[in-house]
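Student: The sequence shown begins at 226 in my numbering and counts up by one.
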Amino acid sequence: MADEARQPIDLEIDGEPILPTYSRAVQAAFARVENLDRYSEEQLAQTDEWLIVTQVPLKKQVWTLASPRQVEPAPILRGAYIWHFDKPLAAIPGMQAALEAGQIESFSPLVLKKQTPRANPNDP
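Structural data, given as structure tokens:
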């Protein structure tokens, strides 16, 4: 008797990769932000939203190796999505496995940056 729970799910990955279709500037931005070494462990632990590029249809993305809690399309970029995780640090190995398996093309944390205004001298 076959165990249906262990049957691989067809994630419908086909066609050409998405990242190369983005402009050079966007590709460079992805290369920069997907380097997790540039973030502190605290930043990664507090980031429950991640930017993902994938060919997997929206409704099947929860079945990837990363198993996001929630998925929504990202604005503007085709094939880009925002994945939500309850435990971001624990989710990183799953996203790495999904990347290595070809389920996703890129993942990067959506880290909020604090902008501080420059001090303007009060010259008369």
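In this text, a Cβ means the ideal position worked out from N, Cα and C, and glycines have one as well. Here the structure is a predicted model, which means the values were calculated and not measured.
(1) Assign I301 to one of three DSSP states: helix, strand, or coil.
(2) With DSSP as the reference, label V336 as helix, strand or coil.
(3) Quick check: the Cα distance between L302 and I277, rounded to an integer number of angstroms?
(4) Is it right to say S333 is buried, meaning 16 or more other beta carbons lie within 10 angstroms of its own, or is it exposed?
(5) In three-state DSSP terms, what is V287?
(6) Figure out for me which residue from G304, V336, A315 has the closest Cα to the Cα of E241.
(7) With burial defined as no fewer than 16 other Cβ atoms inside 10 Å of the residue's Cβ, what is the status of E237: buried or exposed?
(8) Closer than 8 Å is the cut-off here; do at least three beta carbon pairs connect the region 306–317 with the region 286–293?
Tutor: Let me spell this out:
(1) coil
(2) coil
(3) 11 Å
(4) buried
(5) helix
(6) G304
(7) exposed
(8) yes
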